[in-house]
Amino acid sequence: MKSSTLKYRTLILITAVGLAGAWQSAFAHTRLKTPEVQENAAEHGSDYNAVVVGHGCTNPTTGAVDVTVLGTVVVFPDGKDSIITVDGAPHTGDLTDFVTNWGNPVTKIQDRSIFDFEDYIKDSLGNKLGFWTGGGNGLKGGFRAVIPFTTAGVIINESSCAKSVTFVPGIADICQITDVAGINAETANIWAPAVGSIYDGSPERHGYDSPATLKVARSATPLPESCGVGVDVVVKPSANQLDRDLRINFNGSQIWPAQ
Ligand SMILES: [Cu+2]
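For the sequence shown, the residue numbers in mature numbering (1 follows the signal peptide of the UniProt record, and there is no 0) are -28 to -1, 1 to 231.
If you want it as structure tokens, here you go:
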């Protein structure tokens, strides 16, 4: 091979790698540290997880996503009025058709390394659906955070054809306290499924309809033979639930979104 050809090819390769790098960082959104777990992982202590805050909000001057994050909110679907799909098709039955023990999915691991305050987000029965953490110095631009929590063991209904059940939380990384109308890439990063809630935002917004996911793989019981290859179930919070639960209440009053 001629050396000029080699140089040209090397240059192309470097350019391609550079582009891949840029593409990856553009998609370095908030995710769960361990996005897939085995069924009933709590039994084996493998349910220790974390929300990864991949980057801050957008600096309007530089366009970099390095604005300090002041707090994070995480809410899992409550399983009551959640939106369930089976291989992408809407399911009108209950979550118990696929999961027998959903209800109290989250335990926060106490941690003040990034934020000073944290508390649960509960339903009216006291079930822990998620948490918020915030205050203190916050997450400095250019750094990432792992916010530790555990998920309860998930038991897949053994008579169902579910080979996996994926739970989709709504997550908000807040850089500036605003009301809902003031939420934009400079004030908060929203990683929520677009289900018609007040947090949907516009399709142009960074991270639109690009939520984190927790996939639970069937592993405790075999698929019934009649199931064939099985189905993939996805559970998203309803718009009502996100509107109600994706917020920070502190000492009895709502501080985000501001009202
Ligand atoms: Cu991002």
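By construction, the Cβ of each residue, glycine as well, lies at the ideal position given by its N, Cα and C atoms. Computed from a predicted structure; not experimentally measured.
Straight-line gap, residue 84 to residue 54 (C-alpha atoms, nearest Å) = Position 112 of the sequence shown holds residue 84. Position 82 of the sequence shown holds residue 54. About 31 Å.
Identify the continuous alpha helix (DSSP H) that holds residue 211 and give its terminal residues.
-> Along the sequence shown, read from residue 1 onward, the residue named residue 211 stands at position 239. Element bounds for residue 211: 211 to 217.
Beta-carbon spacing of residue 123, residue 7 below 8 Å = As a working note, residue 123 is residue 151 in the sequence shown. As a working note, residue 7 is residue 35 in the sequence shown. No, Cβ-Cβ distance for residue 123 and residue 7 is not below 8 Å.
Got a sec? Which residues, its chain only, sit under 6 Å from residue 127 by beta carbon, not counting five neighbours each side?
-> To locate residue 127, count along the sequence shown from 1; it is residue 155. Closer than 6 Å at Cβ, skipping near neighbours: 12, 72 and 73.
Could you work out which residue in 35, 158 and 165 is closest to residue 47 when comparing CA atoms only?
-> Taking the sequence shown and counting its residues from 1, one reaches residue 47 at position 75. Closest in C-alpha terms to residue 47, from the list 35, 158 and 165, comes 165.
Taking the C-alpha atoms as reference points, what is the distance between residue 202 and residue 195?
-> By one-based count along the sequence shown, residue 202 stands at place 230. By one-based count along the sequence shown, residue 195 stands at place 223. Going by the C-alpha atoms only, they are around 7 Å apart.
N-terminal and C-terminal residue of the beta strand (DSSP E) that residue 95 is part of | Reading the sequence shown from its first residue, position 123 is the one you call residue 95. Unbroken run through residue 95: none, as it is neither H nor E.
Sorted by chain position, which residues of the same chain lie with C-beta nearer than 8 Å to residue 147's C-beta, five sequence neighbours on each side aside?
-> In the sequence shown, residue 147 corresponds to position 175, counting from 1. Taking residue 147 as the centre and dropping the five residues before and after it, the same chain places the C-beta of 28, 29, 39, 40, 41, 42, 158, 159, 160 and 161 closer than 8 Å to its C-beta, in chain order.
With residue 120 as the anchor, note down where its beta strand (DSSP E) starts and where it stops.
-> In the sequence shown, the residue the question calls residue 120 occupies position 148. 117 to 123 is the extent of the beta strand (DSSP E) around residue 120.
With DSSP run on the structure shown, which of helix, strand or coil describes residue 108?
-> Locating residue 108 in the sequence shown gives position 136, counting from the first residue. In the structure shown, residue 108 sits in a strand (DSSP, three-state: E or B).
Between the beta-carbon of residue 140 and the beta-carbon of residue 5, is there less than 8 Å?
-> Counting from 1 along the sequence shown, the entry for residue 140 is found at position 168. Counting from 1 along the sequence shown, the entry for residue 5 is found at position 33. Cβ distance not < 8 Å, so residue 140 and residue 5 don't count as in contact.
Leaving out five residues before and five after residue 92 in sequence, what residues of the same chain have Cβ atoms less than 6 Å from its Cβ?
-> Reading the sequence shown from its first residue, position 120 is the one you call residue 92. Scanning its chain for C-beta atoms nearer than 6 Å, with the 5 sequence neighbours on each side dropped, one finds around residue 92 the residues 100 and 103, in chain order.
Hey, is residue 37 close to ligand 1, as in C-beta under 7 Å from one of its heavy atoms?
-> Taking the first residue of the sequence shown as position 1, residue 37 is located at position 65. Flag set: Cβ of residue 37 near ligand 1.
Taking 8 Å as the cut-off, decide whether the C-beta atoms of residue 33 and residue 145 are in contact.
-> Your numbering for residue 33 matches position 61 in the sequence shown. Your numbering for residue 145 matches position 173 in the sequence shown. The answer is no: Cβ separation not under 8 Å.
Same chain, Cβ closer than 7 Å to residue 168, five either side skipped, listed in chain order | As a working mapping, residue 168 is identified with position 196 in the sequence shown. 211, listed in sequence order.
How about residue 179: is its Cβ closer than 7 Å to a heavy atom in ligand 1?
-> Along the sequence shown, read from residue 1 onward, the residue named residue 179 stands at position 207. A distance criterion of 7 Å places the beta-carbon of residue 179 in contact range of ligand 1, judged by its closest non-hydrogen atom.
Take residue 86 and list the residues in its own chain whose beta-carbon comes closer than 6 Å to its own, dropping the five residues that flank it on each side.
-> Here the question's residue 86 lines up with position 114 in the sequence shown. Residues of the same chain with a CB within less than 6 Å of the CB of residue 86, apart from the 5 flanking positions on each side, are 111 and 117 in chain order.
Compare the Cα-Cα distances from residue 90 to each of 79, 97 and 96 and report the closest residue.
-> In the sequence shown, counting from the first residue as 1, residue 90 sits at position 118. The residue from 79, 97 and 96 with its alpha-carbon nearest to that of residue 90 is 79.
Around the C-beta of residue 220, are 16 or more other C-beta atoms found within 10 angstroms, so that it is buried, or is it exposed?
-> Sequence index remark: in the sequence shown, residue 220 carries index 248 (1-based). Classification for residue 220: buried.
Residue burial classification, residue 121 (beta-carbon count within 10 angstroms, cutoff 16) = Taking the first residue of the sequence shown as 1, we reach residue 121 at position 149. Per the 10 Å Cβ criterion, buried.
Express the C-alpha separation of residue 26 and residue 49 in angstroms, rounding to a whole number.
-> Walking along the sequence shown from the start, residue 49 turns up at place 77. Walking along the sequence shown from the start, residue 26 turns up at place 54. A straight line joining the alpha-carbon of residue 49 with that of residue 26 spans about 22 Å.
Hey, out of 51, 138 and 197, whose CA is closest to residue 131's CA?
-> If you number the sequence shown from 1, residue 131 lands on position 159. Comparing Cα-Cα distances from residue 131 to each of 51, 138 and 197, the minimum goes to 197.
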